[in-house]
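Asker: Pasting in a structure now, in structure tokens, and then I'll have a few things to ask.
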Ligand code: NCD
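In our numbering, the protein residues as written are 78 to 386.
This is the structure we're talking about:
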């Protein structure tokens, strides 16, 4: 099995068949992860560098764990982006990677398009672990895996993406993926956090009323308020945001339907999601994290060229 692309820069570039192949492969790796010995030799001769220019807990650990489970050699390259200008940093990176002769690069960067730049300059396979406000493809893939595992399918599942759509690379990757796989999608949040033409661009409905969005959906994927990316006041206060768009147990209990809750983490507890929702049986949040390792194993494996051998 192979993919139609050499890199994973975004879901935008994947075909529905690519997505199906990744989800299928992840299913096999999830089985490996249930065994007492959770390691396979698939990437034994492969060297991977993890380049994280932006903070990360889950994504970084998840990629590192996936690489170790596949027996790859890994190098971690950290840079503090703050004191170096963006162009210099990326060119430096290119030269560093070329001299290290690595096979694959996992990259997170605060600049949208940084992994695309890298892909044009070095021969290694590039995996985007989140670029600015653009895409976070492995997050969308693990979200899709979790929905499929829970609902049995992606086709026709009603998914509401709720919150800070404007600054969320997770939302963008989810929109591409869910539309390609035939899910029904709406976006919901305050008008100031929803890009103006998103409805036409993705063929999705925009709903400003949280209750109506929740009454409609099977799955609510709740996004973090990305305060670090907001350079102007887009809502009056976190407390007011919580009153209008926060998801509480009481709100969920008052709905006629059962809504499954997802969140990519890190959660702002008490802002977009209350603790008694995040930690409840309706939440897939920890399954998402678990599935993330299998998804990243699948992506690394399929892009390593070992899969066609
Ligand atoms: C997301 C990210 O970094 O884009 N987190 C993650 O990778 N799990 C979402 C976020 O930061 O809110």
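Here a beta-carbon is modelled for each residue, glycine too, at the ideal position from N, C-alpha and C.
Grab the span of the beta strand (DSSP E) containing residue 123 for me, first residue to last.
Answerer: Note, residue 123: premise wrong, no beta strand (DSSP E); not H, not E.
Asker: At which residues does the alpha helix (DSSP H) containing residue 185 begin and terminate?
Answerer: Counting along the chain, residue 185 falls outside any alpha helix (DSSP H), though it belongs to the beta strand (DSSP E) covering 181-186.
Asker: Under DSSP, the alpha helix (DSSP H) around residue 278 begins and ends at which residues?
Answerer: Taken as a continuous stretch (DSSP letters only), the alpha helix (DSSP H) holding residue 278 covers 275-279.
Asker: Is the closest heavy atom of ligand 1 to the C-beta of residue 192 under 7 Å?
Answerer: Flag unset: Cβ of residue 192 not near ligand 1.
Asker: With distances taken from CA atoms, which of 170, 234, 244, 336 is nearest residue 258?
Answerer: Among 170, 234, 244, 336, the Cα nearest to that of residue 258 belongs to 234.
Asker: Where does residue 129 sit, in a helix, a strand or coil, going by DSSP?
Answerer: In the structure shown, residue 129 sits in a strand (DSSP, three-state: E or B).
Asker: What do you reckon, is the C-beta of residue 133 under 7 Å from a heavy atom of ligand 1?
Answerer: Yes, ligand 1 has a heavy atom inside 7 Å of this Cβ.
Asker: Which residues does DSSP pair with residue 337 in a beta bridge?
Answerer: BP columns for residue 337 point to 296.
Asker: Just checking residue 93 against ligand 1 - is the residue's beta carbon closer than 7 Å to any of the ligand's heavy atoms?
Answerer: The answer is no for residue 93.
Asker: Whose CA, out of 280, 274, 213, 278, lies closest to the CA of residue 247?
Answerer: Nearest option by C-alpha distance: 213.
Asker: Can the beta-carbon of residue 344 be found less than 8 Å from the beta-carbon of residue 103?
Answerer: No, Cβ-Cβ distance for residue 344 and residue 103 is not below 8 Å.
Asker: If you run the structure through DSSP and keep just helix, strand and coil, what is residue 344?
Answerer: The answer is coil: DSSP assigns residue 344 none of H, G, I, E or B.
Asker: Mind checking residue 152: buried by the 16 CB within 10 Å criterion, or exposed?
Answerer: Exposed.
Asker: Would you check whether ligand 1 has a heavy atom nearer than 7 Å to the C-beta of residue 247?
Answerer: It does: the Cβ of residue 247 is within 7 Å (strictly closer) of some heavy atom of ligand 1.
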